[in-house]
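Report on one structure; see the data block that follows.
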């Protein structure tokens, strides 16, 4: 095979240097296969070369998947930009690199442009893709896919028959041109040259059609046996279990995803609502689409609306500690996934101006007694006819159970009829000072 091109460099009218330049395969002038015993067939060599190129992401960033890496980005190597068509790369942020974003920066790397095309947080994208893939491999979906595959197999068989008919026709024409050339008299040189040229053209047409047929066979649809179909249906039960198992690593999830999905295109949508359009290209050749919300940083890290509404509902008649316990019992968490404490509840009330009378000294001064029967310090002193300092003393001694929401909030005393009777008896037993 001639895969090199020799170039002579002429300087000052003389050949001074010989340079050899390797040509691309499509520019090779002569290729003769199977002239010597080969360790690998030509087809196996091309397949190995293609696999090496797919594994080497750095060679071509235009949507190549590459080999599975060790990072936490689940969709590494699969995502391309829906705006420009370039590959999107994962970036890791936060403590331990546990927060993943996907950004399209190939324009800056290749063309030297400033900035990036766009980027998106990876958590919502990965959750949407995972749910979509696991839903797609349910038994009903796989049965539908197998039915479609049967139709595609029938179409492939029809195409195979059409190829055979085309090959029979061009081979017949080539044989007919050969017979015409053999039948001409040698003295008729002009006619012989014309027939020879026509024969060569037919032979070339046969070779081109055979090569095109071989290329078509390489990309033809997969044919499955009955056993393979049952194995695929069993995948509907096995894949979700294996995917969600604690022993399954991120690398293994990437490999499973790569066996099903060939490419994922992400496109930002700003109107009427910020979201991301996710288009999946499956290895079967089919495409599906799903959309997920794309909140801003403030929305993503802000307090969820469901938490704010819950705090409004729980504010009256409960302390911040009780509100925090109620939120945690409901399974609610903060934007960062943490459970609630009394201080975090107090911060939410302050930020969103959620009133809570039990924490306000002025309200306690005028209210006196809450709906649940708890007394403020002033109201209890008036009820018993003693000074406020006496109430403070009894509270510190544990005579009266009391609580307050915040370190500087008002005290609320839990006083029942029995407690009031006991306190009045204590007052009557105190001797009067001589006049």
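In our numbering, the protein residues as written are 8 to 442.
Virtual Cβ for every residue (Gly too), placed ideally from N, Cα, C.
Next item on the list: Quick one: grab the DSSP three-state call for residue 291.
Entry: coil
Check: Counting only runs that start and end within the segment 170 to 205, where is the alpha helix (DSSP H) found for 4 or more residues in a row?
Finding: none
Note to self: Taking the beta carbon of residue 215 as the centre, do at least 16 other beta carbons fall within 10 Å, making it buried, or is it exposed?
What the structure shows: exposed
Checklist line | Three-state secondary structure (DSSP) of residue 284 | finding: strand
Next item on the list: Can you give me the Cβ contacts of residue 260 inside the same chain, cut-off strictly under 7 Å, excluding the 5 residues immediately before and after it?
Entry: 81, 250
Notebook entry, point to check: Three-state secondary structure (DSSP) at residue 40?
Noted result: coil
Check: CA-CA distance, residue 444 and residue 291?
Finding: Residue 444 cannot be examined here, being either before or after the span of the chain that is shown, 8 to 442.
Check: Nearest-angstrom Cα distance between residue 312 and residue 345?
Finding: 16 Å
Margin query: Suppose contacts are defined by Cβ-Cβ distances below 7 Å. Is residue 181 in contact with residue 204 by that definition?
Written below: no
Item checked: Same chain only: Cβ atoms within 8 Å of residue 223, ignoring 5 sequence neighbours per side -> 166, 170
Item checked: Residue range of the unbroken beta strand (DSSP E) whose run includes residue 34 -> Premise fails: residue 34 is in no beta strand (DSSP E) and is neither H nor E.
Notebook entry, point to check: What does a CB cutoff of less than 8 Å around residue 322 pick up in its chain, not counting 5 residues either side in sequence?
Noted result: 330, 356, 361, 362, 363
Item checked: Cβ contact check for the segment 128 to 137 and the segment 106 to 115: 3 or more pairs under 8 Å -> yes
Check: Contact check, residue 273 vs residue 140 under 8 Å by CB: the rounded distance?
Finding: With 8 Å as the limit, residue 273 and residue 140 do not qualify as a contact, their Cβ atoms being about 15 Å apart.
Note to self: Closest to residue 144 by C-alpha separation, out of 411, 340, 263, would be which residue?
What the structure shows: 263
Item checked: Residue range of the unbroken alpha helix (DSSP H) whose run includes residue 386 -> 384 to 391
Checklist line | residue 287, buried or exposed, once every other Cβ within 10 Å from all chains shown has been counted against 16 | finding: buried
Next item on the list: Could you pull the start and end residues of the beta strand (DSSP E) that residue 107 belongs to?
Entry: 106 to 111
Notebook entry, point to check: Taking just the CA atoms, how far does residue 343 sit from residue 123?
Noted result: 27 Å
Check: Out of 217, 162, 137, 138, which has the shortest C-alpha to C-alpha gap to residue 175?
Finding: 217
Checklist line | Proximity winner among 435, 354, 408, relative to residue 391 (alpha-carbon distances) | finding: 435
Next item on the list: Have a look at residue 69 and residue 49 and give me their C-alpha separation to the nearest angstrom.
Entry: Because residue 69 sits at a pLDDT of 46, beneath the cut-off of 50, its placement in the model cannot be relied upon, and the point is left open.
Margin query: For a quick check, are the C-beta atoms of residue 284 and residue 298 less than 7 Å apart?
Written below: yes
Item checked: Terminal residues of the alpha helix (DSSP H) in which residue 46 lies -> Segment: none, residue 46 is in no alpha helix (DSSP H) and carries neither H nor E.
Checklist line | Extent of the continuous beta strand (DSSP E) to which residue 322 belongs | finding: Here residue 322 belongs to no beta strand (DSSP E), and DSSP marks it neither H nor E.
Next item on the list: Report yes if the C-beta distance between residue 428 and residue 382 is below 7 Å; otherwise report no.
Entry: no
Margin query: Tell me the rounded alpha-carbon separation between residue 380 and residue 410.
Written below: 13 Å
Margin query: The alpha helix (DSSP H) that contains residue 349, what's its start and end?
Written below: 349 to 358
Note to self: Measuring straight from C-alpha to C-alpha, what distance separates residue 44 and residue 99?
What the structure shows: 50 Å
Check: Taking buried to mean at least 16 other C-beta atoms within 10 Å of its own C-beta, is residue 104 buried or exposed?
Finding: exposed
Item checked: Nearest to residue 422 (by Cα), restricted to the options 399, 387, 395 -> 387
Margin query: Spatial neighbours of residue 178 within its chain, please: C-beta separation below 8 Å, excluding the five flanking residues on both sides.
Written below: 213
Item checked: 7 Å Cβ shell around residue 254 - same chain, five flanking residues per side excluded -> none
Next item on the list: On a CA-only basis, which of 277, 416, 406 is nearest residue 426? Give me that one, please.
Entry: 406
Note to self: Please report the distance separating the alpha-carbon of residue 417 from that of residue 319.
What the structure shows: 20 Å
Check: Cβ of residue 258 versus every heavy atom of the ligand GTP: is any distance shorter than 6 Å?
Finding: By its list of ligands, the structure shown contains no ligand whatsoever, and the ligand GTP lies outside what it can speak to.
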